[in-house]
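K.L.:
Residue numbers (my numbering): 17 to 602.
1. Quick one: using the 10 Å Cβ neighbour count with 16 as the cut-off for buried, is residue 148 buried or exposed?
2. Suppose the cutoff is 7 Å on Cβ atoms and the five residues either side in sequence are ignored; what does the same chain contact list for residue 127 look like?
3. Between the alpha carbons of residue 209 and residue 252, how many angstroms are there, rounded?
4. Opposite residue 571 in the DSSP bridges: which residues?
5. If you reduce the DSSP assignment to three classes, tell me which class residue 473 lands in.
6. According to DSSP, is residue 585 part of a helix, a strand, or is it coil?
7. Among residues of its own chain, excluding the 5 on either side of residue 469, which ones have a beta-carbon nearer than 6 Å to its beta-carbon?
8. Flag this pair as touching only if the segment 157-175 and the segment 302-309 have three or more C-beta atom pairs under 8 Å; answer yes or no.
9. Buried or exposed for residue 34, please, with buried defined as at least 16 other CB atoms from any protein chain shown within 10 angstroms of its CB.
10. Inspect the beta-carbon positions of residue 84 and residue 176 and report whether they are closer than 8 Å.
11. Which value, in whole angstroms, describes the spacing of the CA atoms of residue 77 and residue 69?
12. Using the C-alpha atoms, what's the distance from residue 322 back to residue 479?
13. May I ask you to check if the CB of residue 320 is nearer than 7 Å to at least one heavy atom of the ligand GTP?
14. By Cβ distance below 8 Å, which residues in the same chain neighbour residue 600 in space, the five residues on each side in sequence not counted?
15. Under 8 Å between the Cβ atoms of residue 561 and residue 574?
16. With three or more beta-carbon pairs closer than 8 Å as the criterion, would you say the segment 308-325 touches the segment 141-159?
17. Buried or exposed, going by whether 16 or more other CB atoms sit within 10 Å of the CB of residue 344?
18. From residue 592 to residue 388, what does the alpha carbon distance come to, in whole angstroms?
19. For residue 416 and residue 378, which I take to be in contact (beta-carbon distance under 8 Å), what is that distance rounded to the nearest angstrom?
20. Can you check which of these residues, 132, 109 and 160, is closest to residue 30 by C-alpha distance?
21. Measuring straight from C-alpha to C-alpha, what distance separates residue 200 and residue 188?
22. Run the CB neighbour count on residue 32, radius 10 Å, all protein chains shown included, and call it buried at 16 or more, exposed below.
23. Would you grab the beta carbon distance between residue 214 and residue 129 for me? Rounded to a whole angstrom, and I think it's under 8 Å.
24. Quick check: the Cα distance between residue 142 and residue 246, rounded to an integer number of angstroms?
25. Which runs of the alpha helix (DSSP H), 4 residues or longer, sit entirely within the segment 69-131?
26. I need the DSSP call for residue 67, collapsed to helix, strand or coil.
27. Starting from residue 514, trace the beta strand (DSSP E) in both directions and tell me its first and last residue.
28. Return the residue from the list 563, 515 and 490 that minimises the CA-CA distance to residue 220.
29. Given a threshold of 16 other Cβ atoms within 10 Å of its Cβ, counted over all protein chains shown, does residue 362 qualify as buried or as exposed?
30. Check the DSSP bridge columns for residue 389 and list the partner residues they point to.
31. Taking the alpha-carbon positions, what's the residue 160 to residue 50 distance?
32. For the beta strand (DSSP E) holding residue 411, just list the boundary residues, first then last.
33. Quick one: grab the DSSP three-state call for residue 364.
34. According to the neighbour-count rule (16 or more other Cβ atoms, all chains shown, within 10 Å of its Cβ), is residue 440 buried or exposed?
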């Protein structure tokens, strides 16, 4: 456990001025406290022992009042600066974390639980608030303020200075002793919270399925068990926190009592003046206060470091592909709609070791439509994922006009690709905004025209607010066919030179499919395209059909050639030239 985490400290570099101001104001408050003790001890000594009147000490009282205001201002300013530090660090880190997750792409997200990732981005980053706002400034003040008090006390009273110096390490020593236990308990609590968040999201997303199978009541028991584990972990953290706070208070109180006793004895025997004794006695609790506050904020520091560990584990996860352009690449190359794509001995293995593609090689010539067909699990959608650069080949190379796809900047490449997947993701936004996702600068007229081409305009107009209707998470207020037409409208709106259709008409009724298919043919005309086939008339006019089975190309040719060959393609048709066997996403 390292509460003085250098990686966390580096996050505060952009706001180091505010962090320094937080510490400086805290230190200033400590110096003001010393001055308060000095003038208060003088005033009390003058009035009660020297026989002076209140009028005689009124200048000191005015100074005391000014010091009280100054200390309050320093505390307020320090809190304000600390809040600014925490807010800026959290914002920057959350943006960086989210951007990195976007760069990692869907392949990384598929291997993680969505609820746990959400908890890390939201609650994990939020846990750093107390670290930067409370713990980190207090760590500096716990060293500086007691040292400042010692500098003032020791010349006046060496014995009291030595007592303070010897008792001060007791509090940090105890914090070190409980540190490992507190760290273990906090990690347990964080893990339990992440699991609970992930499970809650799973249940909410699968609520319809649970209801259909009459299993929703069982989840109450499961959630109760998960919540109980989180409660136990939280209570464990609180027990350690309360116990440590009690011990720290006890140590600070006993240490203050030791100082008070030794001052009282020396004052009693005339070895110390009242003014000096009162001055030291006032400062003794203030000497231990920063150490006590560090102890109470110690657990905030542990919680921040624990959350940061998960955050940095995501940030340290290497990007699967390079995002830097090749020197051989030029903007005009990728903007040319007539470009050639080549798969050369491509292999891909899933993270769990299952092979998806085993050395496939084929070309997508410029301006031609190549269709992929085959049984479920054959590797068709894996090919699309490779082309979209969501994943990278285990071996082999994909090239575009002779340039390795991995050498092209991912964002620039995807800007030239229109993709209509079988299961499109729709956001909780208006219909227009969901379509405009493909071209944010598109006008309303362009959005409507794209919807018309996808034969979505009619059902959109029938929605309560037309194109301004909010369609819910994942397009919950739309049918599967309607959602798919929204995805097709995106492809029409993007008007990209390279098109990938992943079973884009799978959820359409026959009449709508006939209309949409005619629009798709217009969309593909003159463009390079990869079509993952679901129904025969989607591929029968393709320039080339590639048949995949178990990650290998078993046939390739035109529709007529493959029918004559009487191979797997013919079996998939089953003698009926209207449908191909449905293919699920691999």
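Using N, Cα and C, we set each Cβ at its ideal position, and we do this for glycine too.
P.N.:
On the basis of the data shown:
1. Counting C-beta atoms within 10 angstroms of its own C-beta, residue 148 has 16 or more neighbours from the protein chains shown and is therefore classed as buried.
2. Excluding residues within five positions, the ones whose Cβ falls inside 7 Å are 367.
3. If I take the Cα positions, the gap works out to 14 Å.
4. Residue 571 is bridged to 563.
5. Helix, per DSSP.
6. Residue state, collapsed to three classes: helix.
7. Short of 6 Å from the beta carbon of residue 469, and not among the five residues preceding or following it, lie these beta carbons of its own chain, in chain order: 508 and 535.
8. Between the segment 157-175 and the segment 302-309 there are three or more inter-stretch CB-CB distances shorter than 8 Å, so the stretches are counted as touching.
9. With 16 or more neighbouring CB atoms inside 10 Å of its own CB, residue 34 falls in the buried class.
10. Result no, Cβ atoms of residue 84 and residue 176 do not sit closer than 8 Å.
11. Each residue's Cα considered, the two are about 12 Å apart.
12. Residue 479 and residue 322 have their C-alpha atoms roughly 47 Å apart.
13. Absent from the structure shown: the ligand GTP. Ligands present: none.
14. With a pLDDT of only 38 at residue 600, under 50, the local geometry of the prediction cannot be trusted, and no value is derived from it.
15. Yes, the pair counts as a contact, with Cβ atoms nearer than the cut-off.
16. Three or more Cβ pairs drawn from the segment 308-325 and the segment 141-159 lie within less than 8 Å of each other, which places the two stretches in contact.
17. Low confidence applies to residue 344: its pLDDT is 46, below 50, so where it sits in the model is not reliable, and the reading given next is rough at best. So residue 344 ends up on the exposed side.
18. Residue confidence for residue 592 is low, a pLDDT of 45 falling below 50, so the modelled location carries little weight and cannot support an answer.
19. Between residue 378 and residue 416 the Cβ distance is about 14 Å, and since that is not below 8 Å, they are no contact.
20. Comparing Cα positions, the closest option is 109.
21. Near 19 Å, if we compare the C-alpha coordinates of residue 188 and residue 200.
22. The Cβ neighbour count for residue 32, taken over all protein chains shown within 10 Å, is under 16; the residue is labelled exposed.
23. Residue 214 to residue 129, Cβ: 4 Å. Contact.
24. Going from the Cα of residue 142 to the Cα of residue 246 covers about 18 Å.
25. Those alpha helix (DSSP H) runs which fall completely within the segment 69-131 and span 4+ residues are 74-126.
26. DSSP places residue 67 in coil when its eight states are reduced to three.
27. Residues 514-518.
28. Comparing Cα-Cα distances from residue 220 to each of 563, 515 and 490, the minimum goes to 490.
29. With 16 or more other Cβ atoms inside 10 Å of its own Cβ, residue 362 counts as buried.
30. According to DSSP, which records beta bridges pairwise, residue 389 is partnered with 563.
31. Those two C-alpha atoms are separated by around 13 Å.
32. Looking at the DSSP string, the run of the beta strand (DSSP E) that includes residue 411 is 411-416.
33. The DSSP-derived three-state label of residue 364 is strand.
34. When all chains shown are included, residue 440 counts as buried.
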